[in-house]
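At position 11 of the sequence shown the residue is numbered 11 (this note's numbering), and the sequence of numbers has no breaks.
Each residue gets a CB set at the ideal place from its N, CA and C atoms; glycine is no exception.
Fair warning: this is a prediction, and the values are worked out from it, not measured in the lab.
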Amino acid sequence: MPDVAVVIGASGAIGDAVVRRLARDDRFGAVLALSRRPVETVDGVVSSAIDLRDEDGIAAAAGQAGALGAVRLVFVATGMLHDGAQQPEKSWRVLDAERLANSFAVNAIGPALVAKHFLPLFPREGRAVFAALSARVGSISDNRLGGWYGYRASKAALNQMVRTLAIELGRNRPEALCVALHPGTVTSDLSQPFTRGRDADDLFTPDQSAEYLLGVLDRLSPADSGGLFAWDGAAIPF
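Below, the structure is given as structure tokens:
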């Protein structure tokens with residue numbers, strides 16, 4: 001059976017770049033690109049729809065991945081900082097229950113449900129990687145500016161999910177790892193409103209980000225499982 005890579009959030013800037021790089025990676029016989037919106041596929045890529053708010057759909061996507069071969073990489077490239085109407089909160093005065101729930105649904109609960117259905121597909125032996133995009137601002141100990149309540153809190157929840165998943169994963173798949181990744185600031189629709197005035201050297205293209213993040217995954221070992229790592233491989237404290 002061929003080794004399979006799965007990218008969830010394949011229509012996003014980083015997800016699309018990751019799919020294209022994995023499609024050129026000889027280690028994978030198939031790449032499954034999952035997204036709410038249709039994506040332009042390239043050779044070796046199978047595209048399908050997924051909605052992280054629909055657990056039945058996540059389970060169906062996992063079944064599709066398992067039918068393609070041995071799942072060795074699951075890369076969750078989803079995330080929500082803003083959606084036009086919902087902007088990051090600058091003060092507690094604007095906290096809203098529905099918007100907070102929306103942040104947690106996309107940034108923490110969705111990836112956790114992906115793990116629930118995809119981690120059991122990992123082979124019992126050999127290397128396998130589950131990686132989810134998080135953010136440095138999800139670090140509780142590194143929070144010195146405040147604000148962005150929903151995004152910070154939901155990414156912190158994701159980091160805790162990853163840590164807890166890694167502990168369970170290691171019990172029966174000791175060569176596998178589960179990590180969270182901070183991609184840096186990437187030129188995308190998500191970051192665009194917050195990059196004005198930033199030095200160009202502090203911004204990455206989606207392809208640069210994909211290259212850095214996949215390189216980090218290649219250098220990590222099972223001993224790193226459960227951690228949060230930046231685009232340059234540096235560990236970020238929770």
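When Val31, Pro174 and Val71 are compared, the shortest CA-CA separation from Leu121 is found for Val71.
Measuring C-alpha to C-alpha distances from Gly150 to each of Ala61, Val106, Ala60 and Pro222 identifies Val106 as the nearest. According to DSSP, residue pairing for Ile167 in a beta bridge does not occur.
Counting along the chain, Ala132 sits inside no alpha helix (DSSP H); it lies in the beta strand (DSSP E) bounded by residues Ala128 to Leu133. Arg20 and Gly146 have their C-alpha atoms spaced approximately 36 angstroms apart. For His182, the uninterrupted beta strand (DSSP E) run begins and ends at Ala176 to His182, by DSSP. Around the beta carbon of Glu89, 16 or more other beta carbons lie within 10 angstroms, which makes this residue buried.
Asp224 carries a helical assignment under DSSP once its states are collapsed to helix, strand and coil. According to the DSSP assignment, Leu34 belongs to no alpha helix (DSSP H) but to the beta strand (DSSP E) extending over Ala30 to Ser35. At a Cβ-Cβ threshold of 8 angstroms, Leu177 and Leu133 do not count as neighbours. With fewer than 16 other Cβ atoms inside 10 Å of its own Cβ, Asp202 counts as exposed. Contact between Ala23 and Asp43 is confirmed by a C-beta separation of about 7 angstroms, below the 8 angstroms threshold. Of the candidates Ala30, Val94 and Asp26, Ala30 places its Cα closest to the Cα of Val6. Under the Cβ criterion (8 angstroms, minimum of three pairs), the region 164 to 174 does not count as touching the region 208 to 216. For Ser141, no alpha helix (DSSP H) segment is defined, and its DSSP state is neither H nor E.
For the 8 angstroms CB-CB criterion, Ser48 and Gly9 do not form a contact. Exclusion of the five residues before and after Phe204 leaves Pro183, Gly184, Thr185, Val186, Thr187, Tyr212 and Trp231 as the residues of its chain whose Cβ lies within less than 8 angstroms of its Cβ. Taking the Cα of Asp207 as reference, the smallest distance to any Cα among Val4, Gly12, Val137 and Met1 is reached at Gly12. Here Ser139 is near Pro237, since their CB atoms are less than 8 angstroms apart. Rounded to whole angstroms, the separation of the alpha carbons of Met161 and Leu228 is 11 angstroms. Close CB contacts of His117 within its chain, under the 7 angstroms cut and outside five residues either way in sequence, are with Ile58, Ala59 and Ala62 (chain order). Beta bridge pairing from DSSP links Ile8 with Leu34 and Val76.
When secondary structure is reduced to three states using DSSP, Leu214 falls in the helix class. A buried status is given to Arg152, since no fewer than 16 other beta-carbon atoms sit within 10 Å of its beta-carbon.
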